[in-house]
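Have a look at the structure below, then the notes.
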Amino acid sequence: MITIATLNAWGIPFVKDRQRRMQALALEIASGKYDIVGLQEIWDVKDWVRIKRGAELGGLKYGHHFTSGAVGSGLVVFSRYPITMLDFYRFRLRGTAETIHRGDYIAGKGIGLARIHTPQGMLDFYITHLIAQYQDDALDEYPAHRAAQMFEAARFINHRQQFPAVIVGDFNVRPDQLGYRIITSLTGMKDVFAGLHPDTPGYTLSTDNPYIQSKSERIDYIMTRGIKAESIEMAFQQIPGTSIPYSDHYGLVMRCQLSQIDSNMTVDQADRQAVLKAILNTLQNGLTDAHRRQARRISQTYIGLLALVAAHLFPARIRNILRLPFILYSLTQASLARYFIQDEINDLKAIMAEVETLVHSS
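Number 253 in this note's numbering belongs to position 253 of the sequence shown; there are no gaps in the numbering.
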């Protein structure tokens, strides 16, 4: 039996109780309960080192931190068994420069792969963390980015079908949302918790957690292909002897077997076509929104330039004070329109072309 666990560890610098929680997480992994662990939001190198030491004490002497982007991907994997191959794909769409304060744009979010040589054979272990949904569905800013990320994750997985596979992570999608349908319909991956506990909500974001102010949702998953899952349960909830959780998310732990299970992808073609068309529709809406934002930034550029010209109507002392802010404002708006939003538009078009090709080739 192989025991696989996952947790979004909420390792963002300066968040509540981070060092205490990271130390407790390292001790839990050091317990030796787990064979493979995938963590998300390990942003600080010191946390990576601390947890890595704990993992080694627990017999998980193989580990990797997927570095990417300005602040990293936040993704790490620990394994009791040798890691024979590593790969990483960085998502093309990952938020906007206009919302850089949220960190998604500069983070190197993507999907990582660790091929692990287990006693039962090779296992392709995938880990990912998609862009968050910061507002309710009607006001969600990133449905197109999330759909694009999940499509790219599915494509990355489908490039390799030789071995049994598992994907873990914080998908930031509920089971009723498009991203969930993308990963299950396009890859043949099975949601283990839904399969073994169909009548249990399995909230990984829960109002029982004192760090959570929003409603309860299931957005963290373990999904498999070519694996027989024996059990799955919630994990990494309360730190023993305290009232503090390990994270603002709850984790999952699965016990499974790899041997003598078909790892080939089985996909319902009608469902696949429906999902691909839903992706196209979502990306088109995202493209329309990007063009609208670009037009607004261009308008604001001209407003800034007109204000710069109008500043000459004021006395020299006031004009000199106003000139620099107006110049900086215009340059910022022009840069957003010409480079950053245009980059987003080009990526949306590129992914749409890939999806359209799949639709027409089926």
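We treat Cβ as the ideally placed atom computed from N, Cα and C, and that holds for glycine.
**OP:** Excluding the 5 residues preceding and the 5 following residue 24 in the sequence, name in chain order all residues of the same chain whose CB lies nearer than 7 Å to its CB.
**Re:** 239, 246
**OP:** Since I believe residue 51 is in contact with residue 22 (beta carbons under 8 Å), could you give me their beta-carbon distance rounded to a whole number of angstroms?
**Re:** 7 Å
Original post:
If you count every other CB in all the chains shown that lies within 10 Å of the CB of residue 198, and 16 or more means buried, which is it?
Top reply: exposed
Subject >> Reference residue 76; option with closest CA among 11, 152, 3, 158 >> reply: 11
Original post:
Between residue 143 and residue 282, what straight-line distance do the alpha-carbon atoms span, to the nearest angstrom?
Top reply: 7 Å
Original post:
In angstroms, rounded to a whole number, what distance separates the CA positions of residue 148 and residue 279?
Top reply: 8 Å
Subject >> Closest by C-alpha distance to residue 7, when choosing among 128, 305, 277 >> reply: 128
Subject >> Between the CA atoms of residue 72 and residue 66 - distance to the nearest angstrom >> reply: 7 Å
**OP:** May I have a chain-ordered list of the beta strand (DSSP E) segments no shorter than 3 residues that lie completely inside the segment 147-210?
**Re:** 165-170
Original post:
Which residue from 205, 217, 200, 175 puts its Cα closest to that of residue 223?
Top reply: 175
Original post:
Do residue 229 and residue 189 have their CB atoms nearer than 8 Å?
Top reply: no
**OP:** Leaving out five residues on either side along the sequence, give the residues of the same chain with a beta carbon under 8 Å from the beta carbon of residue 35.
**Re:** 2, 3, 4, 60, 79, 80, 81, 118
**OP:** Could you say which of 139, 290, 358 lies nearest to residue 339 if we only look at CA atoms?
**Re:** 290
Original post:
When DSSP labels each residue in this structure, what does residue 120 get in the three-state scheme?
Top reply: coil
Original post:
When DSSP labels each residue in this structure, what does residue 133 get in the three-state scheme?
Top reply: coil
Subject >> For residue 224, three-class secondary structure by DSSP >> reply: strand
Original post:
Ordered along the chain, which non-local residues of its own chain (more than five positions away) have a Cβ less than 6 Å from that of residue 287?
Top reply: 348
**OP:** Measure the alpha-carbon distance for residue 227 versus residue 37 and round it to whole angstroms.
**Re:** 17 Å
Original post:
In or out: residue 241 buried (at least 16 other Cβ within 10 Å) or exposed?
Top reply: exposed
Original post:
Name the DSSP bridge partner or partners of residue 344?
Top reply: Per DSSP, none; premise fails for residue 344.
**OP:** To the nearest angstrom, report how far apart residue 193 and residue 169 are at their CA atoms.
**Re:** 13 Å
Original post:
Near residue 309, which residues of its chain fall below 7 Å by C-beta distance, leaving aside the five closest residues on each side in sequence?
Top reply: none
**OP:** Could you pull out every unbroken alpha helix (DSSP H) segment of at least 4 residues lying fully inside the segment 31-113, listed in chain order?
**Re:** 45-57
**OP:** Classify residue 245 as helix, strand or coil using the three-state DSSP reduction.
**Re:** strand
Original post:
Which residue or residues does DSSP assign as beta-bridge partners of residue 217?
Top reply: 205
Original post:
Cβ atoms of residue 252 and residue 220: under 8 Å apart, would you say?
Top reply: yes
Subject >> Bridge partner(s) assigned by DSSP for residue 269 >> reply: None; residue 269 has no bridge partner.
Original post:
For residue 315, does the count of other Cβ atoms within 10 angstroms reach 16, so buried, or fall short, so exposed?
Top reply: exposed
Original post:
For residue 238, which beta-bridge partners are listed by DSSP?
Top reply: 245
Original post:
The alpha helix (DSSP H) spanning residue 254 covers which residue range?
Top reply: Element bounds for residue 254: not the alpha helix (DSSP H) but the beta strand (DSSP E), 251-257.
Original post:
In chain order, what residues of the same chain have a beta carbon less than 6 Å from the beta carbon of residue 180, not counting five sequence neighbours either side?
Top reply: 173
Original post:
What do you get for residue 157, buried or exposed, if any count of 16 or more other CB atoms within 10 angstroms of its CB means buried?
Top reply: buried
**OP:** Would you kindly report the start and end of the unbroken alpha helix (DSSP H) that includes residue 7?
**Re:** That residue, residue 7, is in no alpha helix (DSSP H); its beta strand (DSSP E) goes 2-8.
**OP:** On a CA-only basis, which of 70, 125, 321 is nearest residue 307? Give me that one, please.
**Re:** 321
Original post:
The alpha helix (DSSP H) spanning residue 327 covers which residue range?
Top reply: 316-335
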